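Data first, discussion second: the structure below is written as structure tokens.
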């Protein structure tokens with residue numbers, strides 16, 4: 013008599029555990045790649061360019077993130093080097109069965125260097141859970157532009173986000189001093205939260221834009237003219253110029269109509285990265 017074999021397969025969802033590190037330096041004429049490390053689904057590519065600034069494109073080959081996934085980026089910008097960072101596409105956060113997706117970015121910029129952190133929007137779907145951190149350490153004479161935009165479901169496609177969670181923590185230092193810190197949390201009934209006038213007044217797309225640099229306060233009036241409904245403030249923290257803008261819109265398209273020209277103004281490039289227009 014044959015014994016029955018009870019073979020049980022434990023299904024384990026494949027998780028993203030990816031990281032990449034990029035170091036750039038200035039050779040006297042332009043910014044060049046000095047070192048690159050990539051692991052897992054995190055990839056970095058840079059299109060050919062004759063400009064002094066290096067533009068790098070961040071790619072998540074997994075196509076999206078869900079609970080338990082981890083994606084880490086690290087960038088070191090040398091003295092007088094200039095680096096612009098964007099993503100190949102909008103990052104998508106899918107329903108999480110357990111845990112949260114974690115996305116972390118760490119940036120260091122040397123004297124006279126500049127960084128433009130310009131990822132395309134993050135799209136949260138119903139049931140998504142995201143924990144995101146941004147840490148930057150700028151030298152006293154460095155300049156940094158930081159943008160994070162989030163869309164809660166694509167209304168044009170009939171998507172509604174009812175339950176989700178997002179925690180977004182920023183720590184930006186200049187000359188070793190904290191010049192900007194914030195911790196945004198949205199959870200539970202997201203639709204009800206966004207409907208509040210003090211939150212988003214029923215808007216589904218939001219963005220935070222921060223510029224740290226000596227020219228930041230001088231750009232405040234022009235930034236306010238672009239943003240319109242929203243908020244733009246500028247001041248000095250310990251001798252370092254700082255401009256902060258909050259944008260809210262009904263959908264991603266309406267958000268981009270103001271966000272793209274704002275990025276062009278604050279980056280000094282007259283436009284957002286080309287991938288934003290594709």
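In our numbering, the protein residues as written are 13 to 290. Ideal Cβ positions, reconstructed from N, Cα and C, are used throughout, including at glycine. Since this is a predicted model, take the numbers as computed values, not measurements.
Distance between beta carbons of residue 171 and residue 292, contact taken as under 8 Å: For the chain, the structure presents residues 13 to 290; residue 292 sits outside this window and is missing.
Residues near residue 200 in its chain [Cβ-Cβ closer than 8 Å; skip 5 each side]: To locate residue 200, count along the chain shown from 1; it is residue 188. Within the same chain, 175 and 177 come within 8 Å of residue 200 by CB-CB distance, once the 5 residues on both sides are set aside.
Run of the alpha helix (DSSP H) containing residue 267, from where it starts to where it stops: Residue mapping note: residue 267 aligns to position 255 of the chain shown, counting from 1. Element bounds for residue 267: 264-279.
Check whether residue 99 and residue 131 have beta carbons under 7 Å apart: Numbered from its first residue, the chain shown carries residue 99 at position 87. Numbered from its first residue, the chain shown carries residue 131 at position 119. In this structure, residue 131 lies closer than 7 Å to residue 99 by Cβ.
Residue 174 - DSSP class collapsed to helix/strand/coil: As a position in the chain shown, residue 174 is number 162, starting the count at 1. In the displayed model, residue 174 falls within coil according to three-state DSSP, outside both helix and strand.
Rounded straight-line distance, which links the Cα of residue 246 to that of residue 37: Along the chain shown, read from residue 1 onward, the residue named residue 37 stands at position 25. Along the chain shown, read from residue 1 onward, the residue named residue 246 stands at position 234. Taking the CA atoms as reference points, residue 37 sits about 30 Å from residue 246.
Outcome for residue 213 when other beta-carbon atoms lying within 10 angstroms are tallied against a minimum of 16: The count along the chain shown starts at 1 and reaches residue 213 at position 201. Sixteen is the threshold: since fewer than 16 other Cβ atoms of the shown chains lie within 10 Å of the Cβ of residue 213, the residue is exposed.
Every unbroken beta strand (DSSP E) within the region 158-241, with a cutoff of 3 residues, ordered by chain: The qualifying runs are 175-186, 189-201 and 217-224.
CA nearest to the CA of residue 275, picked from 93, 156 and 208: Taking the chain shown and counting its residues from 1, the one referred to as residue 275 is at position 263. Cα-wise, what sits closest to residue 275 is 156.
Beta-carbon gap between residue 183 and residue 147 smaller than 7 Å: In the chain shown, counting from the first residue as 1, residue 183 sits at position 171. In the chain shown, counting from the first residue as 1, residue 147 sits at position 135. Yes.
Own chain, CB closer than 6 Å to residue 195, minus 5 neighbours either side, in chain order: Taking the chain shown and counting its residues from 1, one reaches residue 195 at position 183. The residues 181, in chain order, have a CB closer than 6 Å to that of residue 195 in the same chain once the five nearest residues on each side in sequence are set aside.
Residue from 205, 221 and 32 with nearest C-alpha to residue 173: Reading the chain shown from its first residue, position 161 is the one you call residue 173. Checked all of 205, 221 and 32; the closest Cα to residue 173 is 205.
Of the residues 26, 118 and 39, the one placed nearest residue 145, counting alpha carbons only: Residue 145 sits at position 133 when you count from the first residue of the chain shown. The shortest Cα separation from residue 145 among 26, 118 and 39 belongs to 118.
Residues sharing a beta bridge with residue 260, DSSP: For the purposes of this step, residue 260 is taken as residue 248 along the chain shown, with counting starting at 1. For residue 260, which the question treats as bridged, DSSP gives the partners 218.
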